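Student:
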Amino acid sequence: MTAADTTHFLCTIEDGIARIALDRPERKNPLTFDSYAELRDWFRDLHYNDDIKAVVFASNGGNFSSGGDVHDIIGPLTRMNMKELLQFTRMTGDLVKAMINCGKPVIAAIDGICVGAGAIIAMASDLRIATPEAKVAFLFTRVGLAGCDMGACAILPRIIGQGRAAELLYTGRAMSADEGAAWGFHNRLVAADTLEDEARKLAQQIAAGPNFGHMITKTMLAQEWSMSIEQAIEAEAQAQAICMQTGDFERAYRAFVAKEKPVFMGD
125 MTAADTTHFL
135 CTIEDGIARI
145 ALDRPERKNP
155 LTFDSYAELR
165 DWFRDLHYND
175 DIKAVVFASN
185 GGNFSSGGDV
195 HDIIGPLTRM
205 NMKELLQFTR
215 MTGDLVKAMI
225 NCGKPVIAAI
235 DGICVGAGAI
245 IAMASDLRIA
255 TPEAKVAFLF
265 TRVGLAGCDM
275 GACAILPRII
285 GQGRAAELLY
295 TGRAMSADEG
305 AAWGFHNRLV
315 AADTLEDEAR
325 KLAQQIAAGP
335 NFGHMITKTM
345 LAQEWSMSIE
355 QAIEAEAQAQ
365 AICMQTGDFE
375 RAYRAFVAKE
385 KPVFMGD
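So this is what it looks like as structure tokens:
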């Protein structure tokens, strides 16, 4: 296992899978200005890192994240001018953009508290596995702000539906684990003592697949939000034609003929 050189969050890399986690468990893993920026930069660089095939964004100490730190972020924000505030909100939005555009599947392993910006990170992940104790809340209105933070009004309705998203964003109430599973926010619920193992198994399954194809899938999932059906079909025709030129496509064919399981190389 290799530990990445990160300062404001944990990161280990093993067998093509990166495990990252916020590292302030005594305060339920809040985000700071520094951890926001470092996560943004890490996900931006991930786009160019072929050694990492999938990412598990893990919980730590029984919680995922309590969102922006009250003392390190919210307090200072009340003393900033408009230009400084816009720089901050754009920076936090850039983290979501970086996660969406990193080219690698991201799995959020959610236990306990997952609120505010922590809920946004879970939302921006491709897949979410949670424990029955997971509580997800987009609680921006609880601190006098709008629910439209870091892309929530665009992304959350696409996951759980407009009405359900509106309720959570207006009220700031917590979505229970059972609600999250029933509404499609969580892909599945697992026991807390198996959360990391289940997330890693899923990451391993994905990492063993055609990673260039996964990158194309992630790209199209993001880009097709703003396309018509006709545009999406044409875009997918072009994307699939590109994938048909890869070595993995030929490997899959040869393995099928030989009645073997294909071994993908990501090219």
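Residue numbers (this note's numbering): 125 to 391.
Just so it is clear, CB atoms sit at the ideal spot from N, CA and C, and this is done for glycine as well.
Keep in mind the model is a prediction, meaning the values are calculated, not measured.
Can you tell me which of the three DSSP states Asp176 falls into?
Tutor: For this step, residue 176 is matched to residue 52 along the sequence shown. With the sequence shown as reference, residue 176 is identified as Ile, and Asp is not the correct amino acid for it. Coil, per DSSP.
Student: Between Gly191 and Arg252, is the Cβ-Cβ spacing less than 9 Å?
Tutor: Here residue 191 refers to the residue found at position 67 when the sequence shown is read from its first residue. Here residue 252 refers to the residue found at position 128 when the sequence shown is read from its first residue. It is not a contact, given that the beta carbons lie outside the stated cut-off.
Student: Three-state secondary structure (DSSP) at Ala265?
Tutor: Position 141 of the sequence shown holds residue 265. Per the sequence shown, residue 265 should be read as Thr rather than Ala. Reduced to three states, the DSSP call for Thr265 is helix.
Student: Would you please state the rounded distance, in angstroms, between the beta carbons of Val260 and Ala316? I believe it to be under 8 Å.
Tutor: Position 136 of the sequence shown, counting from 1, holds the residue named residue 260. Position 192 of the sequence shown, counting from 1, holds the residue named residue 316. About 15 Å; that fails the 8 Å criterion.
Student: Kindly indicate which residue of Ala356, Ala359, His338, Ser352 has the alpha-carbon position closest to the one of Phe373.
Tutor: For the purposes of this step, residue 373 is taken as residue 249 along the sequence shown, with counting starting at 1. Taking only the C-alpha atoms, the option nearest Phe373 is His338.
Student: DSSP on Asp134, reduced to helix/strand/coil?
Tutor: By 1-based counting over the sequence shown, the position of residue 134 is 10. Reading off the sequence shown, one finds Leu at residue 134, where the question assumed Asp. In this structure, Leu134 counts as strand in the three-state DSSP scheme.
Student: Give every residue of the same chain whose Cβ lies closer than 6 Å to the Cβ of Ala327, excluding the five residues on either side of it in the sequence, and list them in chain order.
Tutor: Residue 327 sits at position 203 when you count from the first residue of the sequence shown. The answer, listed in chain order, is Ile141, Ala178, Val180, Ile231.
Student: Hey, how far is the Cα of Ala161 from the Cα of Ser183?
Tutor: Here residue 161 corresponds to residue number 37 of the sequence shown, with the count starting at 1. Here residue 183 corresponds to residue number 59 of the sequence shown, with the count starting at 1. Spanning the two alpha carbons is a distance of roughly 19 Å.
Student: Kindly indicate which three-state DSSP category Gly240 falls into: helix, strand or coil?
Tutor: Translated into positions along the sequence shown, residue 240 becomes position 116. Three-state DSSP puts Gly240 in coil, outside helix and strand.
Student: Which term fits Gly240, buried or exposed, when burial requires 16 or more other beta carbons within 10 angstroms of its beta carbon?
Tutor: On the sequence shown, position 116 is the one that residue 240 refers to. When all chains shown are included, Gly240 counts as buried.
Student: Kindly identify the DSSP beta-bridge partner or partners of Gly140.
Tutor: By 1-based counting over the sequence shown, the position of residue 140 is 16. In DSSP, Gly140 forms no bridge with anything.
Student: Over what stretch of residues does the beta strand (DSSP E) that includes Leu319 continue unbroken?
Tutor: As a working note, residue 319 is residue 195 in the sequence shown. No beta strand (DSSP E) holds Leu319; the alpha helix (DSSP H) holding it covers 319 to 331.
Student: With a threshold of 16 other CB atoms inside 10 Å of the CB of Phe264, please say whether the residue is buried or exposed.
Tutor: Reading the sequence shown from its first residue, position 140 is the one you call residue 264. Buried: at least 16 other Cβ atoms inside 10 Å.
Student: Should the segment 273 to 284 be regarded as contacting the segment 242 to 251, the criterion being three or more beta carbon pairs within less than 8 Å?
Tutor: With a cut-off of 8 Å, the segment 242 to 251 and the segment 273 to 284 count as touching, because enough Cβ pairs lie within range.
Student: Return the residue from the list Lys325, Ala222, Asp302 that minimises the CA-CA distance to Ala346.
Tutor: Mapped onto the sequence shown, residue 346 falls at position 222. Here the closest residue by C-alpha is Ala222.
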